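Engineer:
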Amino acid sequence: MASFRSLPATQQYNITLSHTVSASFRHILALSYIDGVGPSIIRHLVDLCGSAEKALCADPDDFRDAPAPLRNLATTIAAQRLDALTFADKHIALAQRYGIRTLTPDDTGYPLRLAACPDAPLTLFVKGHVNLDNAKILSVVGTRRPSEEGRILTQRLVADLCRRHPDLIIVSGLAFGIDVTAHRAAILAGRPTVGVVAHGLDTLYPSQHRDVAAQMVHQGGALISEFPFETKPDTYNFVSRNRIIAGLADATLIVESALKGGSLITTRYAFDYDRQVLAVPGFPGRELSAGCNDLIRRNVAALVETPDDIDDALSWDLPAAVRRHHDAQQSTPSLFSEPQGAEQLAIVQALKAEDGLSAGSICRRTNLNIATVNTELLNMEFAGLIKSLPGNSYRLLI
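Here the sequence shown stands for residues 0 to 397, numbered as in numbering that gives the first Met the number 0.
1. Per the contact definition of three or more C-beta pairs closer than 8 Å, is the stretch 239-258 in contact with the stretch 137-151?
2. In its own chain, which residues sit with a C-beta less than 7 Å from the C-beta of Arg274, not counting the 5 before and 5 after it?
3. At the level of alpha carbons, what is the spacing between Phe270 and Glu375?
4. Can you tell me the Cβ-Cβ gap for Ile169 and Arg150, rounded? I've got them flagged as a contact below 8 Å.
5. Can you tell me whether Ala73 is buried or exposed? The criterion is at least 16 other CB atoms within 10 Å of its CB, across all chains shown.
6. Taking just the CA atoms, how far does Phe228 sit from Ile59?
7. Would Val216 and Gly127 be called neighbours here (beta carbons separated by less than 8 Å)?
8. How about Leu123 and Glu255: do their beta carbons lie closer than 8 Å?
9. Let me know the secondary structure DSSP gives Arg100 once reduced to three states.
10. Per DSSP, what are the beta-bridge partners of Thr251 in this structure?
11. By the 10 Å Cβ neighbour count, where 16 or more other Cβ atoms means buried, how is Ala51 classified, buried or exposed?
12. If you reduce the DSSP assignment to three classes, tell me which class Leu258 lands in.
13. Just the Cα atoms here: how many angstroms apart are Ser330 and Leu152?
14. Compare the beta carbon distance of Asn292 and Pro283 with 8 Å and say whether it is the shorter of the two.
15. Apart from the five residues just before and just after Ala278, which ones in its own chain have a Cβ nearer than 6 Å to its Cβ?
16. Measuring straight from C-alpha to C-alpha, what distance separates Leu156 and Leu367?
17. Checking the sheet assignment: what are the DSSP bridge partners for Val170?
18. When the Cα atoms are used, what is the spatial distance from Leu44 to Ala54?
19. Span of the beta strand (DSSP E) holding Ile126?
20. What is the C-beta distance between Ala197 and Leu203, in whole angstroms, given that I count them as a contact (C-beta under 8 Å)?
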């Protein structure tokens, strides 16, 4: 190799690399701009040259004795080097402007579970400050067109798991159906949730989930993408996105799926990464049950009907206080649903005074904070005490 030389910032985007943006990120992102250079080639170049920066600044003469494809690649890199740096610096400047973290597998803060995957993304853009190495992380996926039973079951499972495990983070893909249902249930339970998207973080697909995405970031969760800004949600990006959903978590839970679909791709990645796959069984013959039932039949997935099944499969111990509450509930079953605790009693009184109140109105009438109200409303809906109405309002059923 020729003598190593450093690469300047471009004049158009004269960025200052800080502890939040590594030089490695800049050079890997620049290499990804080069025609014909993808993740596997970048890995090969880094191994060959010693670093992404050395690969980017190497002289074509250094490769005169190399095979023709590598010589041609070195020539292409040299010809596109300045444009590639301009591209990288533009996206780093945008990330800094919008408070988005940029990570490579070598950077502090890159999720360790994901780094352990052989095809881990070489770049990550992260909006939010969630701890991606949290003790317990569960991915929840499923069909974009769930049944009402599947939607409710997803809500219940996520809500119960969040209540049992205060250190749990829920990961999904922010898509229609099971994905966004899992995100919303985690938000209502006051837990962080992470959405992995198949496009740049300068946009959001589907646009209908902008409010959910904003709540996720505001509540300590995050939005994650491996794609630079201006990347559109093309079909092939979703398959790539699915491996991140699987790689970030201890396990992937699939609620409803036909025999083909993105959810099964996610579970395949999880299985290949030696992560636990969990599946909710469905009625034989139903299209939305076929994928889950097939995973269970082939011993790819553990059967899940209750949160206990998930705890057992993952050996997740309940905190002592949660365990005492859980045992007390199990030992005193009731034939009739009744309000539990002062918060639910206050909500019942508010709805008795005026039917059809919104969560915000209930907050004002009860002096409870919105996180508590949302959590208790979800619990009360599951218990059959109230019914949610269009417009985020509620009706008392007792």
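Built from N, CA and C at the ideal position, the CB exists for glycine as well. Bear in mind that the values here come from a model prediction, so they are computed numbers and not experimental data.
Structural biologist: Let's see:
1. yes
2. Ala245, Ala248, Asp249, Ala250, Thr251
3. 36 Å
4. Incorrect: roughly 15 Å between the Cβ atoms, too far for contact.
5. buried
6. In the sequence as presented, Ile is not what sits at residue 59; that position holds Pro. If you take the alpha carbons of Pro59 and Phe228, they lie about 30 Å apart.
7. yes
8. no
9. strand
10. Ser138, Val276
11. buried
12. coil
13. Its pLDDT being 43, under 50, Ser330 is placed unreliably in this model, and the value from its coordinates should be taken loosely. Near 23 Å, if we compare the C-alpha coordinates of Leu152 and Ser330.
14. yes
15. Ile253, Cys291, Leu294, Ile295, Ala300
16. 25 Å
17. Ser138, Val193
18. 6 Å
19. Residue 126 is actually Lys in this sequence, not Ile. Lys126 -> beta strand (DSSP E) spans 123-127.
20. Actually they do not touch by this definition, with Cβ atoms about 11 Å apart.
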